[in-house]
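One gets our numbering by counting positions in the sequence shown from 1 and adding 65 to each. We treat Cβ as the ideally placed atom computed from N, Cα and C, and that holds for glycine. Below is one structure, written out as C-alpha cells; comments come after it.
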Amino acid sequence: MTDTGDVQRVETTPTQVVPVPTGGVVVRVLGRPADEATPLVALTHLGGNLDSFDPEVVDPLAEDRRVVLVGYSGVGASDGPLRDSIEDMAVDVIAVIRALGFERVDLLGLSMGGMVAQEIADRVPESVEHLVLAGSGPAGGPGLTRLPGIMVRGILRGILTRTDPTVLLFFTRTRNGRRAAAAYRSRLARRVVDRDAPVALRVFRAQLRAVHRWGDRPWSPAPSAFSGPVLVVHGDSDRMVPAANAETLRDRYPQATVRRFPDSGHGVVSQNRTDIVTAVRQLLQT
C-alpha cells in the first residue's frame with residue numbers, strides 16, 4: 066500500500082468552491098496532487114452533502130489517486146440553482162469537472178449519485194473511463210418511483226423514534242446491520258472543522274422529485290453509449306432501491322460486473338467497505 070503521509074484525508078482536506086456558470090459548487094480534493102492516475106469523482110446520495118462520504122471508503126481510495134468529492138448546485142454550501150432533475154445535476158457536475166481541468170475522470174455514484182453518474186456517462190462517454198454504481202438504478206428501473214415515499218416514511222419514523230433516518234433507511238435491522246449503522250454514524254462525525262452547511266428541507270423535496278422523475282422515465286434496455294468498465298454493487302435487502310435494479314443495470318451495461326452483498330441495505334458501500342474498496346481499486350486498474 067502507498068505511504069499515506071502526505072495524502073489529504075476526509076477529516077482535514079479543505080473545502081474549495083469551484084466557479085461554474087450557474088454559481089459556486091463546493092468540492093474537496095483528496096490524494097496526491099502530482100498523481101498521474103485518472104481522478105475519481107464521487108457523487109453522494111439524495112439528501113447528502115460533502116460530509117456524507119464515509120472516510121473509510123474515501124481515504125483508502127485516495128491513497129492511489131486524486132478523489133474529488135463534488136457537491137450539488139444549491140445544496141449545502143454550494144450556491145446556484147437547486148436542481149430537481151437528474152439531467153440538470155449531471156450538467157452541473159460536468160461543468161465542475163471541466164472547471165477543474167479534467168479531460169477524463171472515473172465516476173463513483175452512490176444511490177442518486179449513481180443516477181447522475183449514468184447521465185454524465187451517457188452525455189460525455191468520451192470523458193469517462195470507469196463507472197461505479199452503488200445502490201443505484203437506471204432510468205425507469207424497478208420500484209424507483211416508490212423511493213420518495215419510502216424515504217419520507219423513514220424520516221417521519223426517525224422523528225417519532227428520535228433515530229437518525231439513515232440508520233432506518235440505509236441498514237438492515239439485524240444485529241450486524243445495527244452495529245454497522247452505529248459505526249457509520251460515528252465515522253461521519255470525525256470531521257469537526259470546516260463542515261459543509263446542513264441540507265435544507267427544500268433540497269430533499271427537489272431531489273425526491275428528481276428521483277421520482279428518473280424512475281418514471283420510460284425504461285430502455287438499449288445499451289448505454291458508455292462502453293467502458295463498470296462495477297455495480299447492491300445490498301440484497303435494499304429497501305430504497307430494490308435489488309432488482311442491479312441486474313437491470315446489466316441491460317444498460319452488458320460489460321458490468323455485478324456484486325450483491327447479503328444482509329446489506331442501501332448503505333451497502335459503508336457496511337462492506339473493505340470488500341468494495343478492493344473491488345473499486347481492481348476496476349480502476351483495468
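Original post:
Would the beta-carbon of T313 fall within 8 Å of that of G202?
Top reply: Reading the sequence shown from its first residue, position 248 is the one you call residue 313. Reading the sequence shown from its first residue, position 137 is the one you call residue 202. Yes; because the gap between Cβ atoms is below 8 Å, this pair is in contact.
Subject >> Residue range of the unbroken alpha helix (DSSP H) whose run includes L348 >> reply: If you number the sequence shown from 1, residue 348 lands on position 283. DSSP places L348 in the uninterrupted alpha helix (DSSP H) bounded by R338 to L349.
Original post:
Where do the ends of the alpha helix (DSSP H) carrying R270 lie?
Top reply: One-based indexing of the sequence shown puts residue 270 at position 205. Its alpha helix (DSSP H) spans residues L266 to D281.
Original post:
Who does F326 pair with in a DSSP beta bridge?
Top reply: What you label residue 326 is simply residue 261 of the sequence shown in a count that begins at 1. G300, per the DSSP bridge assignment.
Original post:
Taking the alpha helix (DSSP H) that A164 falls in, what are its first and last residues?
Top reply: Start at 1 with the first residue of the sequence shown, and residue 164 comes out as number 99. For A164, the enclosing alpha helix (DSSP H) starts and ends at I151 to A164.
Original post:
Span of the beta strand (DSSP E) holding P108?
Top reply: Taking the first residue of the sequence shown as 1, we reach residue 108 at position 43. The residue you asked about is not Pro; residue 108 is Leu in the sequence shown. Here the beta strand (DSSP E) through L108 covers L105 to L108.
Original post:
Short check: CB of S176 to CB of T237, under 8 Å?
Top reply: Along the sequence shown, one-based indexing puts residue 176 at 111. Along the sequence shown, one-based indexing puts residue 237 at 172. With contacts defined as CB atoms closer than 8 Å, S176 and T237 fail to qualify as a contacting pair.
Original post:
Got a sec? Which residues, its chain only, sit under 8 Å from D316 by beta carbon, not counting five neighbours each side?
Top reply: Position 251 of the sequence shown, counted from the start, is the residue given in the question as residue 316. Excluding positions up to five away in sequence, the list reads P203, P286 and P288.
Subject >> Close-in-space but distant-in-sequence residues of the same chain around M66 (CB under 7 Å, 5 per side omitted) >> reply: As a first step, residue 66 is located in the sequence shown; it is residue number 1 there, counting from the start. Confidence at M66 is low in this model, with a pLDDT of 36, below 50, so its placement is unreliable and the value that follows should be read with caution. These residues qualify, in order along the chain: E128.
Original post:
Across which residues does DSSP place V193 in a beta bridge pair?
Top reply: By one-based count along the sequence shown, residue 193 stands at place 128. Per DSSP, the beta bridge partners of V193 are V170.
Original post:
Taking buried to mean at least 16 other C-beta atoms within 10 Å of its own C-beta, is A155 buried or exposed?
Top reply: Within the sequence shown, numbered from 1, the residue matching residue 155 stands at position 90. Answer is buried; the Cβ neighbour count reaches 16.
Original post:
CB-CB under 7 Å to V83, same chain, minus the five flanking residues each way: which ones, in chain order?
Top reply: Within the sequence shown, the letter at position 18 stands for residue 83. If you ignore the 5 residues before and after V83, its C-beta comes within less than 7 Å of the C-beta of G89, V90, V92, V161, A164 and L165, all in its own chain and listed in chain order.
Original post:
Quick one: what's got a C-beta closer than 7 Å to W185's C-beta in the same chain, skipping five residues either side?
Top reply: Taking the first residue of the sequence shown as 1, we reach residue 185 at position 120. The sequence shown places Ile at residue 185, rather than the Trp named in the question. Shown here for I185: same chain residues with a beta carbon closer than 7 Å to its own, the five before and five after excluded, namely A155, V158, I159, L172 and V193 in chain order.
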